[in-house]
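Numbering (the numbering used here), first residue to last: 47 to 155.
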């Protein structure tokens with residue numbers, strides 16, 4: 047079960063998300079799906095590099111000058127990540143971000 051948190055005009059810090067969180071990132075040219083798995087992530091959405099979920103490492107977001115905001119996804123900036131084979135990918139400008147976080151587990155009584 048997940049709870050939905052819509053984030054349209056704010057940055058998302060992946061380090062604050064719980065394992066199992068799902069992040070949808072809409073860019074000008076693609077729609078990426080990111081599964082947060084603790085220290086790892088899996089990404090899909092690029093027809094050539096990651097049509098199906100593959101391990102990846104998020105670097106962060108690049109502004110117009112190329113400055114990197116580490117570990118963040120921010121609308122208006124470009125997302126940068128490395129695929130499991132070390133290949134860097136820089137997306138087109140991020141338009142929207144949507145986060146689905148897993149529901150907190152309630153302790154048994």
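Think of the CB as a built atom: it goes at the ideal place given N, C-alpha and C, for glycine as much as any other residue.
If you draw a straight line from the Cα of residue 98 to the Cα of residue 120, it is about 23 Å long. Note on geometry: alpha-carbon atoms of residue 64 and residue 146 lie some 10 Å from one another. Residue nearest to residue 142 within the set 61, 62 and 69 is 69 (criterion: CA-CA distance). Residue pairing by DSSP places residue 70 opposite 79 and 144 in a beta bridge. It is roughly 24 Å from the alpha-carbon of residue 109 to the alpha-carbon of residue 94.
Spatial neighbours of residue 75 in its own chain (CB-CB distance under 7 Å, excluding positions within 5 residues in sequence) are listed in chain order as 138. Counting along the chain, the unbroken beta strand (DSSP E) around residue 107 starts and ends at 100-108.
One Cα belongs to residue 128, the other to residue 89, and the distance between them is close to 10 Å. In the DSSP assignment, residue 128 falls within the beta strand (DSSP E) that extends over 124-129. Distance from the Cα of residue 84 is smallest, within the candidate group 92, 96, 101 and 111, for 101.
Going by DSSP, residue 116 is part of the beta strand (DSSP E) stretching over 114-116.
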